[in-house]
Structure formats: structure tokens, C-alpha cells
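Contents: one structure, followed by commentary.
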Amino acid sequence: MISATKIVTLQIYRQHFFYSTEGYVLHHFQIVIGAQWGDEGKGKWIDQLSKSHDIVVRYQGGNNAGHTLYVDHQKHIFHLLPSGILHDHITCVLAAGVVIDPVVLCQEMHQIENILNLTCDRLWISSKAHVITPWHIALDTIREQKRTSSIGTTKRGIGPTYADLTSRIGCPMSTFVDTKKREEWLKSYIMHTPECKQFIEEHPDLWKKFADAAIKLKPYVCYAEMRIREALKQKKRVLCEGAQGTLLDLSHGTYPYVTSSHTIAAGALTSIGIGLKFQPHVIAIAKAYCTRVGEGPFPTELTDDIGQQIAEKGQEVGATTSRPRRCGWLDAVALRYACEINSADEIYLNKMDILSGLSEIKLCTAYHHPKLGTITYIPDEDLKDIRPIYEVFSGWKHHLPSSGKKIQDLPKQALAYIQRIEEFCGIPITHVGIGPSRDEYLC
Ligand code: IMP
5 MISATKIVTL QIYRQHFFYS TEGYVLHHFQ IVIGAQWGDE GKGKWIDQLS
55 KSHDIVVRYQ GGNNAGHTLY VDHQKHIFHL LPSGILHDHI TCVLAAGVVI
105 DPVVLCQEMH QIENILNLTC DRLWISSKAH VITPWHIALD TIREQKRTSS
155 IGTTKRGIGP TYADLTSRIG CPMSTFVDTK KREEWLKSYI MHTPECKQFI
205 EEHPDLWKKF ADAAIKLKPY VCYAEMRIRE ALKQKKRVLC EGAQGTLLDL
255 SHGTYPYVTS SHTIAAGALT SIGIGLKFQP HVIAIAKAYC TRVGEGPFPT
305 ELTDDIGQQI AEKGQEVGAT TSRPRRCGWL DAVALRYACE INSADEIYLN
355 KMDILSGLSE IKLCTAYHHP KLGTITYIPD EDLKDIRPIY EVFSGWKHHL
405 PSSGKKIQDL PKQALAYIQR IEEFCGIPIT HVGIGPSRDE YLC
């Protein structure tokens with residue numbers, strides 16, 4: 005049963021945020037994170053939020069991510085460039101924690117300049133970000149094939165590049181764009197990794213394209229973190245955009261079925277090199293149900309017709325790999341965990357419209373664990389053996405209210421569902437997505 009006092013408290017809390025005229029919280033330093041397994045629809049909100057910011061920063065991951073944006077009913081997918089790039093007053097940054105495939109970055113810059121007719125002169129590429137080489141991409145596939153149980157990586161070279169970074173044999177951007185330094189790096193890298201030498205000899209074309217990208221990128225490479233720190237001191241508005249989701253975090257996700265970077269909000273601080281002084285406001289983005297791409301435990305996965313129906317209606321296909329996403333009911337235990345480890349301040353709940361028309365909706369608020377019995381937290385092991393325990397909500401047949409209306413205008417069944425999520429997570433849901441376009445939401 006929902007506690008009436010708790011709901012009122014959350015509603016009052018909601019009103020206490022300082023909103024811009026467009027309904028967004030105004031803070032100098034915001035971090036947007038994915039609160040599930042990625043693909044929560046962060047791009048749409050980052051695109052919206054970035055309008056009231058000066059700088060938008062990608063802080064981790066690489067082109068394993070895929071942000072889909074709809075502008076004037078046209079679909080745009082970016083894998084590396086921050087979603088803020090579509091607003092030409094915004095400086096966009098790829099910070100130290102990002103891994104960069106230079107060829108992909110050049111392609112995206114080409115798309116911005118030649119298809120969208122925008123400029124890239126407001127792009128800062130961190131000299132400390134590490135480079136994904138064609139060899140790392142090949143290695144990703146080789147390693148996946150060798151594993152007894154595969155992770156289902158995006159095969160973009162992410163894991164091998166971060167592995168070389170932590171092994172201290174990687175190639176930072178500052179080295180990459182300096183021909184002499186790059187050649188020296190390669191000479192010593194080949195000594196560690198003789199298979200790479202053979203790979204280069206067999207694929208001279210790939211290596212040439214890779215080296216050519218250095219010429220295009222060189223003017224954008226800078227000490228980006230120092231500039232961001234300076235901007236924060238000057239009270240410029242900085243928005244950090246996470247890629248992937250909390251449950252794919254290298255340390256706090258469902259290891260080993262995770263990505264190789266720190267997707268959580270704290271990852272933004274290490275990536276841009278600042279402490280806690282600037283007190284970020286953290287927005288957790290979640291879908292009204294769950295999806296996961298690749299392998300790994302997914303307690304609320306639906307392998308029946310309902311899962312299929314959600315997948316089709318929600319067009320749940322990976323933006324990067326075009327793989328079908330696994331779909332399931334919203335796992336509130338996992339969402340509460342994500343809110344906690346990100347110190348999230350508010351939740352934006354996406355794709356509520358996809359649940360319209362279902363006769364009932366389930367919400368996982370506990371698990372059955374074979375050894376521990378009923379638990380209301382994610383166990384630190386044996387995640388594959390837990391079974392979801394659901395609370396069941398009535399569905400709603402009507403269409404959701406149109407954009408511009410309030411969350412309070414939702415059908416009472418939909419409202420009961422989101423109020424239970426708020427109460428369970430102890431954090432307000434301040435925005436509800438009701439369609440793919442920028443302006444399709446309630447707040
Ligand atoms: P990697 O990041 O390519 O190493 O893949 C590791 C795991 O993270 C795989 O299960 C991928 O499917 C998943 N993954 C990586 N990037 C994304 C993303 O942007 N959305 C959803 N899943 C992702």
C-alpha cells in the first residue's frame with residue numbers, strides 16, 4: 005500500500021526544485037546517468053537539458069553507445085559526440101574517461117558539418133582520452149570468441165582499449181595526434197603485442213585510415229579537463245552525459261556482464277578530474293520497463309508474448325549493433341540500487357506510452373533467492389539464480405495525455421504505478437516520457 009504521507013512529501017519535494025521556463029531543473033553542474041542496462045533514452049533528455057547549458061561532456065565509454073535523437077521527425081544516431089552537439093551554442097567535450105575510435109569520430113563530425121550544416125569548432129577532445137585502434141577492435145572479437153560464456157560486447161574495441169589504458173600501454177589522444185610520438189608508441193606497443201604487428205601488416209588500409217584521422221582531429225585535442233574546471237569556477241553550466249547504464253558499471257554492475265568503464269555519476273568526477281566541491285545534481289533516466297542488450301542476468305526478463313509486444317511497440321533494437329533488446333518488467337529493486345549508488349536527485353521515466361493498452365503491469369519489488377529467501381536488494385553474487393517477486397497494477401486503456409499536460413493528468417492506474425516507483429525508490433519522478441520526440445513528455 006502506498007503511504008499517503010510519503011506521496012505528499014515527494015510531491016512537495018518535486019515543487020521545491022527550481023525549474024526553468026521549460027520545466028527543467030536549473031543547476032550549474034548536472035550529471036545524467038542511465039539507471040538500468042543502458043538504452044534508457046538518455047539522448048532525448050540530454051538534448052533537451054543541454055539547451056540551458058554551456059558545456060556538455062561525455063565522460064566514459066566510446067562508440068559502444070548509441071544516442072538516438074528525433075529532431076523535426078528526423079532520426080539521428082550518435083555514438084561518440086555528445087548529444088548537445090545539435091545546439092550550436094554548446095561546447096561539447098569528450099573527456100579523459102572516454103575511449104575514442106578516431107575514424108568513427110571523423111565520420112560523426114562529417115555528419116554534423118555536411119548533413120546537419122553545423123560546426124564542430126566547439127568540440128574539445130581531451131588529450132588524455134585513449135584511442136581505440138583497429139587492433140583493439142579485432143581483439144574484442146577474438147576475446148569474445150575465446151570466452152567460454154560470451155559477454156555479447158558491441159565489438160567496438162572498448163574492453164581491450166580500457167585494458168591497455170590500465171596496463172599503462174595505451175595510446176592517449178596527445179600521442180595519437182603527434183606523428184612522431186604515435187610511431188614511437190606503436191614501436192613499443194608491438195614489442196608487448198607481436199600479434200598487433202602482424203595485424204597491421206595484413207590490414208594496411210585500416211591502419212592508414214586510422215592514421216589519417218589524426219590529421220583531422222589534431223586541432224580539437226586540448227587540455228579539456230582544465231577548461232571544464234575553469235568553466236565550473238566561472239559558474240558556467242556544465243552537463244555531464246553518461247553512456248550505457250548503472251548496471252553495466254565495471255565495478256557496481258552485473259560483473260562480468262558489464263562494460264569496461266565507470267558509468268555511474270562518480271565516473272564523471274574522475275573523468276573530468278574534480279572532487280565533490282561542485283555538488284552535482286544527478287538525474288537518473290529509466291524506462292517504464294527494462295531492457296538489456298547482450299548477455300548477463302536479467303531477473304524480470306519476459307520471454308513471452310508480452311515481452312515481444314513491448315519490444316515491437318517500443319522498437320527495442322540496439323542503436324549501435326541493431327541487436328534485438330531483451331525486454332522485461334521494471335525492476336524497482338535494481339532502480340532503487342541505481343538511485344542509491346548515483347546519489348540521484350530525481351528520476352525521468354521514459355516510454356510510459358509503450359505500456360498503454362496492457363491489461364496489467366508488473367513491478368518487481370523483491371527477489372526470491374535460493375539461499376537467502378526473500379530479499380529486497382541486489383545480491384552481490386548468484387544473480388542469475390534469483391526470481392522476481394512482483395506487485396501487480398491494473399493497466400490503462402486510454403491514450404496518455406498529450407505533451408504540455410501534467411504528470412497528475414495521467415490515468416489513475418498509470419499514476420498509481422509511478423507513485424509506487426517513487427515511493428519504493430524514495431526519489432521523485434519529475435518527468436515522464438510519452439513519445440520519442442524532444443517535446444513529448446509530462447512534468
Ligand atoms: P562493450 O561495452 O562493447 O564491451 O560491451 C559490454 C556489454 O555492455 C555488452 O553486454 C553490451 O551489449 C553492453 N553495452 C555496451 N554499450 C551499451 C549501450 O550503449 N547500451 C546497452 N548496452 C550496452
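Anchor point for the sequence shown: position 148 equals 152 in this note's numbering, and the numbering is continuous, going up by one each time.
Virtual Cβ for every residue (Gly too), placed ideally from N, Cα, C.
| Query | Result |
| --- | --- |
| Heavy atom of the ligand IMP within 7 Å of Gln248 beta-carbon | yes |
| Length at least 3, wholly inside the region 240-295: the beta strand (DSSP E) runs in chain order | 242-245, 285-291 |
| Anticipated Cβ contact below 8 Å, His373 with Pro383, distance rounded | 6 Å |
| Beta-carbon spacing of Gly399, Leu362 below 8 Å | yes |
| Euclidean distance between Cα positions of Ile173 and Lys201 | 15 Å |
| Residues near Ala272 by beta carbon distance below 6 Å, same chain, minus five either side | Ile35, Tyr63, Cys244 |
| Gln115 versus Lys79, Leu190, Cys331, residue with shortest Cα-Cα distance | Lys79 |
| Per DSSP, cross-strand counterpart(s) of Gly332 | Cys294, Glu305 |
| Beta-carbon proximity list for Lys159, same chain, < 6 Å, skipping 5 on both sides | Asp144, Thr145 |
| CA-to-CA distance, Leu419 to Arg18, given in whole angstroms | Only weak support exists for where Arg18 lies, its pLDDT of 49 falling under 50; the coordinates are left without a value. |
| Nonlocal neighbours in the same chain, by C-beta distance under 7 Å from Ser360, ignoring five residues either side | Trp400, His403, Leu404 |
| Limits of the unbroken beta strand (DSSP E) element including Ala100 | Segment: none, Ala100 is in no beta strand (DSSP E) and carries neither H nor E. |
| The ligand IMP heavy atom lying under 7 Å from the CB of Ile162 | yes |
| Contact set for Pro138: own chain, Cβ-Cβ below 7 Å, skip 5 residues either direction | His207, Leu210, Trp211, Phe214 |
| Straight-line gap, Pro392 to Gly408 (C-alpha atoms, nearest Å) | 35 Å |
| Best match in Ile155, Arg330, His435 for proximity to Ile287 [C-alpha to C-alpha] | His435 |
| Any non-hydrogen atom of the ligand IMP closer than 7 Å to Leu262 Cβ | A quick correction: the sequence has Val, not Leu, at residue 262. Within the cutoff, so yes. |
| Cut-off 6 Å between Cβ atoms - residues of its own chain near Met5, not counting five sequence neighbours on either side | Annotation note: pLDDT 44 at Met5 (below 50); position unreliable, no value reported. |
| Spatially closest choice to Ile289 from Pro303, Leu280, Thr267, Ile276, by CA coordinates | Thr267 |
| Contact under 8 Å by Cβ, Tyr261 with Gly300 | yes |
| Same chain, Cβ closer than 6 Å to Ala269, neighbours up to 5 away in sequence not counted | Ile35, Ile37, Val286, Asn346 |
| Ala69 Cβ short of 7 Å to the ligand IMP heavy atom set | yes |
| 6 Å Cβ shell around Ala370 - same chain, five flanking residues per side excluded | Thr378, Thr380, Ile393 |
| Heavy atom of the ligand IMP within 7 Å of Val321 beta-carbon | no |
| Segment contact, 8 Å Cβ cut-off, at least three pairs: the region 36-54 with the region 64-74 | yes |
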